[in-house]
Ligand SMILES: [Zn+2]
């Protein structure tokens, strides 16, 4: 599964406005276009995952992820916070690039874990953070995925 | 920025609990399976799967305690039979058994504020608008 196919321009926000970890999780969730109740449940579930250990994996990257019954297919979103945000990342550095991954409880295609691993690989690529900072439009993000995560 | 709390006032509190439980169980099960999330969580997120499972199990018990006795009884009854206790109803179809549910049942969850279940498979239902 190509990562490019899992994003749309609607699920990409290059200028996140939030200033806190909770707010930024909500802002990312909003990119998925769920109803209010689903957003509320998803927020709780993502927070519970964060409580197990931050998904801020270092180098300015966070990958909040979970399974939740509020989605019926794998859903992804990308948000960028150019000034950075405190996400209690493992290296204590501010987070600039956030990838949200939400999978339904059961998936026929079992894409969740491979996609999670692929996103982590992509984001950890040494020159990716810089490339992400240079992007001006959502389509460029999709192009970068196409090019670097074929 | 404006970041209103998602509106859950109209949701049955017990349904909210059941959905949270369901999600926690999904993460717990995922960490348990041989081909589950444990390797990814360990490698990329530095999570100790056993510790994470223990934390989740504790939270699950805590939430189960908060279920009303009748809801709890039903939850315990459904749980061994199906992986999902709460299922979404999308376009009138129960995603537990893929049978159409009478519109009177799904109706407007916000109006009657009742905990609803599928007449066919017995799962608690959650109507996706
Ligand atoms: Zn059913």
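Chains as they are written, first to last, in the numbering used here: chain B, 4 to 153; chain P, 1087 to 1215. Heads up, the beta-carbon is just placed ideally off N, CA and C, and yes, glycines get one too.
CB contact below 7 Å: residue i versus chain P
i	result
residue 71(B)	yes
residue 121(B)	no
residue 36(B)	no
residue 104(B)	no
residue 50(B)	no
residue 84(B)	no
residue 131(B)	no
residue 148(B)	no
residue 40(B)	yes
residue 138(B)	no
Bounding residues of the alpha helix (DSSP H) (the contiguous stretch that carries residue i)
i	result
residue 1131(P)	1124-1131
residue 1187(P)	Neither: residue 1187(P) is in no alpha helix (DSSP H) and is coded neither H nor E.
residue 120(B)	115-127
residue 32(B)	24-33
residue 1157(P)	1155-1164
residue 1135(P)	1135-1151
residue 140(B)	No alpha helix (DSSP H) contains residue 140(B), which DSSP labels as neither H nor E.
residue 54(B)	39-55
residue 1103(P)	1099-1118
Neighbour flag for residue i against chain B, beta carbons, 7 Å
i	result
residue 1120(P)	no
residue 1131(P)	yes
residue 1139(P)	no
residue 1150(P)	no
residue 1197(P)	In this predicted model, residue 1197(P) has a pLDDT of only 48, less than 50, meaning its place in the structure is not dependable enough to derive any value.
residue 1128(P)	no
residue 1160(P)	no
residue 1106(P)	yes
residue 1170(P)	yes
residue 1147(P)	no
residue 1099(P)	no
residue 1203(P)	no
Candidates the options: closest to residue i by CA position
i	options	result
residue 136(B)	119(B), 122(B), 62(B)	62(B)
residue 1147(P)	1127(P), 1187(P), 1111(P), 1163(P)	1111(P)
residue 59(B)	88(B), 13(B), 145(B), 117(B)	88(B)
residue 57(B)	14(B), 41(B), 24(B)	24(B)
residue 27(B)	53(B), 6(B), 7(B), 10(B)	53(B)
residue 1218(P)	1160(P), 1132(P), 1168(P), 1130(P)	Shown here, chain P extends from 1087 to 1215; a query on residue 1218(P) therefore has no answer.
residue 1113(P)	147(B), 84(B), 140(B), 48(B)	48(B)
residue 45(B)	85(B), 5(B), 104(B), 84(B)	104(B)
residue 19(B)	106(B), 86(B), 132(B), 151(B)	86(B)
residue 141(B)	36(B), 8(B), 16(B)	16(B)
residue 1162(P)	1099(P), 1128(P), 1210(P)	1210(P)
residue 129(B)	13(B), 151(B), 31(B)	151(B)
residue 134(B)	99(B), 8(B), 50(B), 40(B)	99(B)
Span of the beta strand (DSSP E), counted from its first residue to its last, around residue i
i	result
residue 68(B)	68-70
residue 78(B)	78-88
residue 100(B)	98-106
residue 93(B)	It is not in any beta strand (DSSP E) - residue 93(B) carries neither H nor E in the DSSP assignment.
residue 1212(P)	1210-1213
residue 1176(P)	1172-1176
residue 60(B)	59-61
Under 7 Å by beta carbon: chain C residues contacting residue i
i	result
residue 56(B)	Any reference to chain C falls outside this structure, whose protein chains are B and P.
Any non-hydrogen atom of ligand 2 within 6 Å of residue i CB
i	result
residue 1209(P)	Looking at this structure, you won't find ligand 2 anywhere; what it does contain is ligand 1.
Are at least three pairs of beta-carbons, each pair with one atom in the region 1126-1145 of chain P and one in the region 71-84 of chain B, less than 8 Å apart?
no
Under 8 Å: do the region 1101-1111 of chain P and the region 1159-1173 of chain P share three or more Cβ pairs, one atom per stretch?
Segment contact: the region 1101-1111 of chain P against the region 1159-1173 of chain P, three or more CB-CB distances shorter than 8 Å; contact assigned.
Looking at C-beta atoms only, is the number of pairs between the region 90-97 of chain B and the region 111-119 of chain B that lie closer than 8 Å three or more?
Contact check between the region 90-97 of chain B and the region 111-119 of chain B: fewer than three CB pairs, one atom from each, fall below 8 Å, which does not count as touching.
Is the region 64-73 of chain B in contact with the region 112-128 of chain B, if contact means three or more CB pairs nearer than 8 Å?
yes
Taking 8 Å as the threshold, find out whether the region 1180-1190 of chain P comes into contact with the region 1147-1161 of chain P through three or more Cβ pairs.
no
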